[in-house]
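K.L.:
Please see the structure below; I have some questions.
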Amino acid sequence: MEKYSILVTGGAGYIGSHVANAFAKAGHRVTILDTLVYGQQPPRINAKFIKGSCANSPLVENIFKKENIDTVAHLAAFIEVGESVKNPLKFYDNNVSATVNLLKTMALCNVKNILFSSSCAVYGPPQGPLCETHAKIPASPYGRTKLAVEWMIKDMANGIFNIVQSSCHPRLDLGSSSTSQEKLSLKLNNKQKEKVFLDCLREPRLISGSKAGMTKENIESEKKLTKNSLNYTIFRYFNAAGATPKQGLGEKHVPETHLIPLLIRAIQNNKSVKIFGTNYKTPDGTCIRDYVHVSDIANAHILALDFMQRTGTSNIFNLGTEKGFSVKEIINELEILMNKKALIKLCPRRAGDVSKLVAVTTKAKETLGWNAHRSSLKEILSDAIEWEQNKTLEKLKSLSRAIHF
Ligand code: UFG
872 MEKYSILVTG
882 GAGYIGSHVA
892 NAFAKAGHRV
902 TILDTLVYGQ
912 QPPRINAKFI
922 KGSCANSPLV
932 ENIFKKENID
942 TVAHLAAFIE
952 VGESVKNPLK
962 FYDNNVSATV
972 NLLKTMALCN
982 VKNILFSSSC
992 AVYGPPQGPL
1002 CETHAKIPAS
1012 PYGRTKLAVE
1022 WMIKDMANGI
1032 FNIVQSSCHP
1042 RLDLGSSSTS
1052 QEKLSLKLNN
1062 KQKEKVFLDC
1072 LREPRLISGS
1082 KAGMTKENIE
1092 SEKKLTKNSL
1102 NYTIFRYFNA
1112 AGATPKQGLG
1122 EKHVPETHLI
1132 PLLIRAIQNN
1142 KSVKIFGTNY
1152 KTPDGTCIRD
1162 YVHVSDIANA
1172 HILALDFMQR
1182 TGTSNIFNLG
1192 TEKGFSVKEI
1202 INELEILMNK
1212 KALIKLCPRR
1222 AGDVSKLVAV
1232 TTKAKETLGW
1242 NAHRSSLKEI
1252 LSDAIEWEQN
1262 KTLEKLKSLS
1272 RAIHF
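Position in the sequence shown (first residue = 1) + 871 = this note's numbering.
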């Protein structure tokens, strides 16, 4: 398998750290870019860490050049469905606008491969198991931001990315030797590059034809030659869950809003946990989700990167287990594994939630040879319990160190 230099945005997050770790273990060179806004720490894995935002174009351009990046795994995003209903602009700004900047910088620097973490939240209305072609009518602003980015990436792959390369990137549009092209590239500062880029977006054909001396036919033939020059793999994750406790990787959201870690902590500490909605059209009235082990999700990235590079094709894959569990079923299973009853508080529905999200994953299985090997509910929950217990032990240890000091 060929080795790549990969930028993982959001690589200090829960899924991002697993993905970055999987890439590093597969022998790829990994650079993590993460703002750490939710209080997470850089993961202790074999990767370079840079604190910052993918919206910061000069920073990203610098990383692309310095690390010779050829692939971006874009996981940086706000993820909480309920919060997106209350504060949609925050989500459009962080999830969509920042990605526009990232894609612009990718185009300017000729970085041609992207793996994007989308979500099953793009589907709707969710009746029955969901395959990739199911109608996309997201029920929340979060889902709409994910769908908007999917569209942007697809549009870039179909056209603009190529035109930007041929007409805007100084290394490609002057027809001189690579050394003099490089020199000219260095002469343009970021502001100038940005201006050329924006001109190009406004009037791509005119700029290409007039400024780079290219005819319409030239452009069309170049577009054919470089068709699909932006390769993408879009993953629609279902509910990522579980942990890799031995590697010190797991869920550490601040504040935590996800069902499984909240339940484990509540059971551990004899606190109550809320069930949001008991009147959904499901057998027990609570929401059904498809929980997939986070390490299975990470593994799909390794397989997809190899497939995308070998075949030069772009694809969208669901990542789930094809099995759904209700909130009440998760509670029952955790009570058995932890040998303790949970204290439950029945609450109204949470805004943005849908009754049932369960994947069809035939495409990932058949195309990538992917399987959710570690995603039995028991394994997911056992790993999550071990992770939460380790965190509690760590806290106790540091507390006792502080007392003895
Ligand atoms: N739930 C409760 N009580 C809680 C927390 C959650 O009843 O305290 C319920 C929710 O209402 C939902 C289910 O448990 O029905 C799962 O909720 P999570 O918050 O764990 O996960 P979500 O399905 O809301 O969202 C997660 C990610 C999204 C991703 C989505 C895919 O946060 O980014 O999975 O389904 F898009």
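Beta carbons: idealized from backbone N, C-alpha and C, even for Gly. These figures come from a predicted structure and were not determined experimentally.
Which whole-angstrom value is the C-beta distance of residue 1192 and residue 1165, which I expect to be below 8 Å?
P.N.:
By one-based count along the sequence shown, residue 1192 stands at place 321. By one-based count along the sequence shown, residue 1165 stands at place 294. Going by Cβ atoms, the distance from residue 1192 to residue 1165 rounds to 12 Å, so no, they are not a contact pair.
K.L.:
For residue 963, name the three-state secondary structure that DSSP assigns.
P.N.:
Here residue 963 is taken as the residue at index 92 of the sequence shown, counted from 1. In the structure shown, residue 963 sits in a helix (DSSP, three-state: H, G or I).
K.L.:
For the beta strand (DSSP E) that contains residue 1144, what are its first and last residues?
P.N.:
Working through the sequence shown from its first residue, we reach residue 1144 at position 273. Element bounds for residue 1144: 1143–1147.
K.L.:
Between 1004, 1250, 1264 and 984, which has its C-alpha nearest residue 1028's C-alpha?
P.N.:
Position 157 of the sequence shown, counting from 1, holds the residue named residue 1028. Answer by Cα proximity: 984.
K.L.:
According to the Cβ coordinates, are residue 1190 and residue 1232 closer than 8 Å?
P.N.:
Indexing the sequence shown from 1 puts residue 1190 at position 319. Indexing the sequence shown from 1 puts residue 1232 at position 361. Their beta carbons are under 8 Å apart, which means residue 1190 touches residue 1232 by this criterion.
K.L.:
Which residue marks the beginning of the beta strand (DSSP E) containing residue 1205, and which one marks its end?
P.N.:
Translated into the one-based positions of the sequence shown, residue 1205 becomes position 334. Element bounds for residue 1205: not the beta strand (DSSP E) but the alpha helix (DSSP H), 1198–1209.
K.L.:
Going by the beta-carbon positions, is the gap between residue 879 and residue 946 smaller than 8 Å?
P.N.:
By one-based count along the sequence shown, residue 879 stands at place 8. By one-based count along the sequence shown, residue 946 stands at place 75. Contact: yes.
K.L.:
Classify residue 976: buried if its beta carbon has 16 or more other beta carbons within 10 angstroms, exposed otherwise.
P.N.:
Your numbering for residue 976 matches position 105 in the sequence shown. Counting Cβ neighbours within 10 Å, residue 976 comes out buried, since at least 16 surround it.
K.L.:
Run through DSSP, which three-state label would residue 1218 get?
P.N.:
For the purposes of this step, residue 1218 is identified with residue 347 of the sequence shown, where counting begins at 1. Correct three-state label for residue 1218: strand.
K.L.:
May I ask you to list the residues that DSSP assigns as paired with residue 876?
P.N.:
Position 5 of the sequence shown holds residue 876. DSSP lists 900 as partners of residue 876.
K.L.:
How far does the beta strand (DSSP E) with residue 943 in it reach, from first residue to last?
P.N.:
Locating residue 943 in the sequence shown gives position 72, where the first residue counts as 1. Unbroken beta strand (DSSP E) run through residue 943: 942–945.
K.L.:
Spell out the partners DSSP gives residue 1150 in its beta bridges.
P.N.:
Numbered from 1 along the sequence shown, position 279 holds the residue referred to as residue 1150. Per DSSP, none; premise fails for residue 1150.
K.L.:
Residues in the same chain with beta-carbon distance under 8 Å from residue 934, minus the five sequence neighbours each way, listed in chain order, please.
P.N.:
Position 63 of the sequence shown, counted from the start, is the residue given in the question as residue 934. Counting only Cβ-Cβ distances below 8 Å, and skipping sequence neighbours, we find 878, 902, 904, 921 and 940.
K.L.:
From residue 1184 to residue 1169, what distance separates their C-alpha atoms?
P.N.:
Walking along the sequence shown from the start, residue 1184 turns up at place 313. Walking along the sequence shown from the start, residue 1169 turns up at place 298. The straight-line gap from Cα to Cα measures roughly 20 Å.
K.L.:
Quick check: what's the CA-CA separation for residue 1006 versus residue 1133?
P.N.:
Indexing the sequence shown from 1 puts residue 1006 at position 135. Indexing the sequence shown from 1 puts residue 1133 at position 262. Roughly 31 Å separates the two Cα atoms.
K.L.:
For residue 1181, count neighbouring C-beta atoms within 10 Å of its own C-beta (all shown protein chains included) and say buried if the count is 16 or more, exposed if not.
P.N.:
As a position in the sequence shown, residue 1181 is number 310, starting the count at 1. Classification of residue 1181: exposed, given that the 10 Å Cβ count is below 16.
K.L.:
Since residue 984 is in the beta strand (DSSP E), which residue starts that stretch and which ends it?
P.N.:
Taking the first residue of the sequence shown as position 1, residue 984 is located at position 113. Residue 984 -> beta strand (DSSP E) spans 984–990.
K.L.:
Can you look up residue 1262 in the DSSP assignment and give me helix, strand or coil?
P.N.:
Along the sequence shown, read from residue 1 onward, the residue named residue 1262 stands at position 391. Note: residue 1262 maps to helix in three-state DSSP.
K.L.:
Do residue 1136 and the ligand UFG come close, with the Cβ less than 7 Å from some heavy atom?
P.N.:
The residue labelled residue 1136 in the question sits at position 265 within the sequence shown. No - the ligand UFG has no heavy atom lying nearer than 7 Å to the Cβ of residue 1136.
K.L.:
For residue 872, count the other beta carbons within 10 Å of its own beta carbon; 16 or more makes it buried, fewer makes it exposed. Which is it?
P.N.:
Here residue 872 refers to the residue found at position 1 of the sequence shown. By the 10 Å Cβ count, residue 872 comes out exposed.
K.L.:
With distance defined between alpha-carbon atoms, name the residue in 944, 1254 and 1229 nearest to residue 1161.
P.N.:
If you number the sequence shown from 1, residue 1161 lands on position 290. The residue with the shortest Cα to Cα distance from residue 1161 is 1229.
K.L.:
Identify the continuous beta strand (DSSP E) that holds residue 869 and give its terminal residues.
P.N.:
The requested residue 869 is not part of the displayed model; the chain covers only 872 to 1276.
K.L.:
When every heavy atom of the ligand UFG is checked, does at least one fall within less than 7 Å of the C-beta of residue 909?
P.N.:
Here residue 909 corresponds to residue number 38 of the sequence shown, with the count starting at 1. Outside the cutoff, so no.
K.L.:
Look at the alpha carbon of residue 1264 and the alpha carbon of residue 1100, and state the distance between them as a whole number of angstroms.
P.N.:
As a first step, residue 1264 must be located in the sequence shown, where it is residue number 393. As a first step, residue 1100 must be located in the sequence shown, where it is residue number 229. Distance between the alpha carbons of residue 1264 and residue 1100 is about 49 Å.
K.L.:
How is the alpha helix (DSSP H) around residue 908 delimited, first residue to last?
P.N.:
Here residue 908 corresponds to residue number 37 of the sequence shown, with the count starting at 1. Neither: residue 908 is in no alpha helix (DSSP H) and is coded neither H nor E.
K.L.:
So, at 6 Å on beta carbons, what are the nonlocal neighbours of residue 1150 in its own chain, with the 5 sequence-adjacent residues on each side left out?
P.N.:
Numbered from 1 along the sequence shown, position 279 holds the residue referred to as residue 1150. Counting only Cβ-Cβ distances below 6 Å, and skipping sequence neighbours, we find 1156.
K.L.:
Contact defined as beta carbons within less than 8 Å: I believe residue 1226 pairs with residue 1153. What is the distance between those atoms, to the nearest angstrom?
P.N.:
The count along the sequence shown starts at 1 and reaches residue 1226 at position 355. The count along the sequence shown starts at 1 and reaches residue 1153 at position 282. Between residue 1153 and residue 1226 the Cβ distance is about 6 Å, and since that is below 8 Å, they are a contact.
K.L.:
DSSP on residue 890, reduced to helix/strand/coil?
P.N.:
Working through the sequence shown from its first residue, we reach residue 890 at position 19. Residue state, collapsed to three classes: helix.
K.L.:
Can we count residue 1101 as close to the ligand UFG, meaning its CB is less than 7 Å from some heavy atom?
P.N.:
Within the sequence shown, residue 1101 is the residue found at index 230, counting from 1. No, the Cβ of residue 1101 stays beyond 7 Å of every heavy atom of the ligand UFG.
K.L.:
My output table needs one value for residue 915: the three-state DSSP class, helix, strand or coil.
P.N.:
Numbered from 1 along the sequence shown, position 44 holds the residue referred to as residue 915. Here residue 915 sits in coil by DSSP.
K.L.:
Is the segment 1205–1222 close to the segment 978–994, with three or more CB pairs under 8 Å?
P.N.:
Too few Cβ pairs lie closer than 8 Å, so no.
K.L.:
For residue 956, name the three-state secondary structure that DSSP assigns.
P.N.:
The sequence position of residue 956 within the sequence shown is 85, counting from 1. It is helical.
K.L.:
Distance, Cα to Cα, residue 1021 vs residue 1105?
P.N.:
Your numbering for residue 1021 matches position 150 in the sequence shown. Your numbering for residue 1105 matches position 234 in the sequence shown. Using only the alpha carbons, I get a separation of about 7 Å.
K.L.:
Report all residues from its chain with a CB closer than 6 Å to the CB of residue 1177; omit the five preceding and five following residues, and keep chain order.
P.N.:
Start at 1 with the first residue of the sequence shown, and residue 1177 comes out as number 306. 872.
K.L.:
Measure the alpha-carbon distance for residue 1172 versus residue 900 and round it to whole angstroms.
P.N.:
Here the question's residue 1172 lines up with position 301 in the sequence shown. Here the question's residue 900 lines up with position 29 in the sequence shown. When rounded, the distance between both Cα atoms is 14 Å.
K.L.:
Where does residue 933 sit, in a helix, a strand or coil, going by DSSP?
P.N.:
Taking the first residue of the sequence shown as position 1, residue 933 is located at position 62. Here residue 933 sits in helix by DSSP.
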